[in-house]
Amino acid sequence: MSDSKKTGLSDNAIGAIAYFTPVMAIFFLAIHRYNKRPYVRFHAWQSLVFNIFAIALGYLLGEVLPFATFLGPRVLIGITYLAVVVFFLLWMWCVISALNGKRFKLPLIGDWADEQAYR
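Mapping of the sequence shown onto our numbering: residues 10 to 128, in sequence order.
As structure tokens, this is what we get:
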């Protein structure tokens, strides 16, 4: 894609790297070389919001579930594992989609990230 000779990385690779940590997403949004590319901006914004949502949900589950003792420990552990697996699979899907040059839009986040990419 564009400017891959200058940076050594294609937009697909940069889009995938943006999903690894919120710090990388912020880095790609802040650096002029990357933040002018809509494909990179889309994945960076989607990654940033997805990671913030995952962290917030993890915190919420960690704070709320211990008080739901009426469900029993197995149900609580099951809910936690299910949330982790779902987020991991969504994360992997986003990384693989970015590497393949696709704009997989997550529900609630994807359309907003797409708007931000073209600002």
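We put the beta carbon where it would ideally sit given N, CA and C, even for glycine.
Exposure of residue i, with buried meaning 16 or more beta-carbon neighbours within 10 Å
i, result
"residue 34", "buried"
"residue 26", "buried"
"residue 21", "buried"
"residue 41", "exposed"
"residue 50", "buried"
"residue 23", "buried"
"residue 122", "buried"
Simplified DSSP assignment, three categories, for residue i
i, result
"residue 30", "coil"
"residue 107", "helix"
"residue 17", "coil"
"residue 43", "helix"
"residue 116", "coil"
"residue 25", "helix"
Reference residue i; option with closest CA among the options
i, options, result
"residue 67", "91, 125 and 46", "91"
"residue 117", "75, 59 and 81", "59"
"residue 74", "63, 64, 86 and 65", "86"
"residue 55", "103, 108 and 71", "103"
C-beta atoms of residue i and residue j nearer than 9 Å
i, j, result
"residue 113", "residue 106", "yes"
"residue 29", "residue 53", "no"
"residue 88", "residue 80", "yes"
"residue 31", "residue 126", "no"
Residues of its chain near residue i, where Cβ-Cβ distance is below 8 Å and the 5 sequence neighbours each way are ignored
i, result
"residue 18", "26"
"residue 62", "118"
Contacting residues, own chain, Cβ-Cβ under 7 Å from residue i (five flanking each side not counted)
i, result
"residue 146", "Residue 146 lies beyond the residue range present for the chain, which begins at 10 and ends at 128; the question has no answer from this structure."
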